[in-house]
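Numbering (this note's numbering), first residue to last: 7 to 89.
Worksheet: one structure, shown below.
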Amino acid sequence: MLHDVLPQAVRNVLLALISNTVEVVKLTALASVVSLGKMLYTAGMTRSRTCNAAPMILVAGICLAMLWPLLRLVSRFERRVSA
7 MLHDVLPQAV RNVLLALISN TVEVVKLTAL ASVVSLGKML YTAGMTRSRT CNAAPMILVA
67 GICLAMLWPL LRLVSRFERR VSA
């Protein structure tokens, strides 16, 4: 059992756990409402003062930088499990 069933169970559970972690990071009220909202508000105020779209692009880059490594980890793990 330890050599046959346990590795398969760990692979299946770990994939679901990582996928749920990605969803929690994306949908967490604290991260999406407070942090992202505050960053977007500040970027919008800066954009309106300077008439420049760079602050909004910077906020989008920060959000992408926060989620990209986690998404890459999930896709690698899914490829490894499916093979």
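Idealized CB from N, CA, C, for every residue including glycine.
The way I'd put it, the region 54-72 doesn't touch the region 16-25; fewer than three beta-carbon pairs between them come closer than 8 Å. Between N26 and the set M45, L77 and Y47, the nearest pair of CA atoms involves L77. Under the three-state reduction of DSSP, N58 is assigned to coil, being neither helix nor strand. In this structure, V80 and V30 do not form a Cβ contact; the two beta carbons are roughly 13 Å apart against a cut-off of 8 Å. Counting the other Cβ atoms within 10 Å of the Cβ of P61 gives 16 or more, which makes it buried.
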